[in-house]
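Protein sequences appear in the order of chains A and B.
Position one of the first sequence corresponds to residue 8 (our numbering), numbered consecutively onward.
Position one of the second sequence corresponds to residue 8 (our numbering), numbered consecutively onward.
Virtual Cβ for every residue (Gly too), placed ideally from N, Cα, C.
Small disclaimer: the values here were computed from a predicted structure and weren't measured.
Below is one structure, written out as structure tokens; the observations come after it.
Protein chains: 2
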Amino acid sequence: MTTAEQPTPRKKTGRRPGGADTRRTVLEAARAEFAARGYEKAGMRAIARAAGVDAALLHHYFGSKDRLFMAALEFPVEPKAVVELVLAGDRATVGVRLAEFLLGLWEQPGVLDRMLALLRAAATTEQVAQLMREFVQEELVRRAAAELGLDQPELRTELMLSQVIGLAMARYVIGVEPLASASREELLPLLAPTFQGYLGGA
Amino acid sequence: MTTAEQPTPRKKTGRRPGGADTRRTVLEAARAEFAARGYEKAGMRAIARAAGVDAALLHHYFGSKDRLFMAALEFPVEPKAVVELVLAGDRATVGVRLAEFLLGLWEQPGVLDRMLALLRAAATTEQVAQLMREFVQEELVRRAAAELGLDQPELRTELMLSQVIGLAMARYVIGVEPLASASREELLPLLAPTFQGYLGGA
DNA sequence: GTCTATATCGTGATAGAC
DNA sequence: GTCTATCACGATATAGAC
């Protein structure tokens, strides 16, 4: 698990100037910590240390651990756009398109951290699980089901999503080999037919 | 999440007789609590309350929370037998066979609780994740890969497993509808082709 | 804005009375 | 075997000095 990337090429040591992009740095450190250790084990002190600021400052900026968590999870992609992007075009190749999009998305900085933080938190905090449930329901399933021309569109969409969740768990949380180290090129031809089966039909 | 079932039809109230099947009752309560709330949030006090015994008794029996967790997770099925059962027979129908077995297994009392406890704990405790990783590797993947006559047998087995994990997460942890309430009969025809794709070939 | 010191609460574990 | 009382420790959150 990588520690927070430094966006500006400023040295980590030394006193940080007041009110600069400290906020962004804190959010990135929080994201990494929440992703790696889960919500309860994350620790405000550890986040502060990773960001190079004092622990009390976090409360000053965000008020509480809950609110910091929420702020760190701000979703980076527009669900509406994703659904349209994937479901538009030839329905016979929707599987590859989705697999390609997903594997590419996870390589984008910050995205995987957000997903893992959300998953780890949802696993142990019912409140977060409910949040995720509602998000999935409203933002993804409802939209996707409307465009799918198949029977049981919600069930199919959610099964597709369950494969996405399970892949993240097996690959990054459990870390089982050789899956964890498998390349995009190895995964794509095995993953695409599964997605195709759920969203394509037969 | 259901609370621990009472194996013997004894009343829950009133003083529990010394050294009877108290141990089993505690283990069931622990399993339910670990499954529902995860390892760290489980709470010895809560487990003791659910089992109708004193908290100090748990330490007396099991020594520590770790050891109680281990005892509660004792695996109820023989991996070797499962692999043989599923992979034997016509390879063209391995998907349905696995899906049927899995959905049936989860309806068996205690099995789902064990799986959820393990998943929730693995999500936040690296030590448990490592345990699960080794178990999956040694007991499942190695065996299954040896019997599969396909390319990348480990990867295929693990992708199959990732779908199993994801299904458990989506259905029971996130609890998204209509997947969470879907019946065996609804899931089977959608799930079987996925397993078939991973383990069957094409 | 930034940091030190502390309040308050939760936990697992333990000692010892009955 | 069973329970009461307590310890030691970690966490978030906060008050207040600079």
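{"Query": "Can you list, in chain order, the residues of the segment 52–65 of chain A whose Cβ is nearer than 7 Å to any Cβ on chain B?", "Result": "none"}
{"Query": "Considering only the alpha carbon of each residue, which of Y179/A, L168/A, G111/A lies closest to Y205/A?", "Result": "L168/A"}
{"Query": "Does the segment 74–89 of chain B come close enough to the segment 171–186 of chain B that 3 or more CB-CB pairs lie under 8 Å?", "Result": "no"}
{"Query": "Alpha carbon to alpha carbon, how far is T29/B from E114/B?", "Result": "25 Å"}
{"Query": "Just to make sure I have the definition right: I need the residues of chain A whose C-beta is within less than 8 Å of the C-beta of Y179/B. Which are they?", "Result": "Per Cβ cutoff of 8 Å: no residues; Y179/B is ~10 Å from chain A at best."}
{"Query": "Is the CB of L162/B under 7 Å away from at least one CB in chain A?", "Result": "yes"}
{"Query": "Excluding sequence positions up to five away, which residues of its chain have a Cβ less than 7 Å from the Cβ of L34/B?", "Result": "A78, A79"}
{"Query": "Does DSSP classify Q159/A as helix, strand or coil?", "Result": "coil"}
{"Query": "Alpha carbon to alpha carbon, how far is V4/A from Q159/A?", "Result": "No answer is possible for residue 4/A: the residues shown for chain A start at 8 and end at 209."}
{"Query": "Can you tell me whether DSSP reads A95/A as helix, strand or coil?", "Result": "coil"}
{"Query": "Have a look at A42/B and A130/B and give me their C-alpha separation to the nearest angstrom.", "Result": "12 Å"}
{"Query": "What do you reckon, are the CB atoms on R191/B and L119/B nearer than 7 Å?", "Result": "no"}
{"Query": "Counting contacts by CB-CB distance shorter than 7 Å, is A211/A in contact with chain B?", "Result": "The question about residue 211/A has no answer here: the residues shown for chain A are numbered 8 through 209."}
{"Query": "Taking the Cβ atom as the reference point for each residue, do G45/A and R127/A lie within a distance shorter than 7 Å?", "Result": "yes"}
{"Query": "So, is R140/A buried or exposed, given that buried needs 16 or more other C-beta atoms within 10 angstroms?", "Result": "buried"}
{"Query": "Taking the C-alpha atoms as reference points, what is the distance between G96/B and V103/B?", "Result": "12 Å"}
{"Query": "Check S169/B in the structure and name its three-state DSSP category.", "Result": "helix"}
{"Query": "Going along the chain, which residues of the segment 84–96 of chain A sit with their C-beta nearer than 9 Å to a C-beta in chain B?", "Result": "none"}
{"Query": "Give the single residue among R31/B, A39/B, I54/B, A49/B whose Cα lies nearest to the Cα of R121/B.", "Result": "A39/B"}
{"Query": "Thinking just about the alpha-carbon of each residue, which of R163/B, E107/B, A55/B is nearest to the one in P196/B?", "Result": "E107/B"}
{"Query": "Beta-carbon of Q115/A versus every beta-carbon of chain B: anything under 7 Å?", "Result": "no"}
{"Query": "Report yes or no: is there a C-beta of chain B within less than 7 Å of the C-beta of V103/A?", "Result": "no"}
{"Query": "With DSSP as the reference, label Y205/B as helix, strand or coil.", "Result": "helix"}
{"Query": "Taking Cβ-Cβ distances shorter than 8 Å, what residues in chain A pair up with S169/B?", "Result": "Q170, G173, L174, M176, A177, R178, L186"}
{"Query": "Using 8 Å for Cβ pairs, my map puts L174/B next to G173/A. What's the rounded Cβ distance?", "Result": "7 Å"}
{"Query": "Taking the alpha carbon of L75/A as the reference point, which residue from Q170/A, V148/A, A36/A, R56/A has its own alpha carbon closest?", "Result": "A36/A"}
{"Query": "From R52/B to H66/B, what distance separates their C-alpha atoms?", "Result": "11 Å"}
{"Query": "Beta-carbon within less than 7 Å of A223/B's beta-carbon, same chain only, minus the 5 sequence neighbours each way: which residues are those?", "Result": "With chain B covering 8 to 209 only, the question about residue 223/B has no answer from this structure."}
{"Query": "Is the beta carbon of Q170/A closer than 7 Å to that of Q170/B?", "Result": "yes"}
{"Query": "Considering R56/B, what are the terminal residues of the alpha helix (DSSP H) in which it resides?", "Result": "51–58"}
{"Query": "Are any of the Cβ atoms in chain B nearer than 7 Å to that of V118/A?", "Result": "no"}
{"Query": "Please compile the residues from chain A whose C-beta is within a distance smaller than 8 Å of the C-beta of R127/B.", "Result": "A130, T131"}
{"Query": "Name the chain A residues whose beta carbon is nearer than 7 Å to that of F165/B?", "Result": "It should be noted that the sequence gives Glu, not Phe, for residue 165/B. Per Cβ cutoff of 7 Å: A177, V183, L186."}
{"Query": "How would you write the range of the alpha helix (DSSP H) that L147/A sits in, first residue to last?", "Result": "Per DSSP, L147/A belongs to no alpha helix (DSSP H) and is neither H nor E."}
{"Query": "Compare the C-alpha of T32/A against each of I54/A, G50/A, A49/A, E47/A and name the closest.", "Result": "I54/A"}
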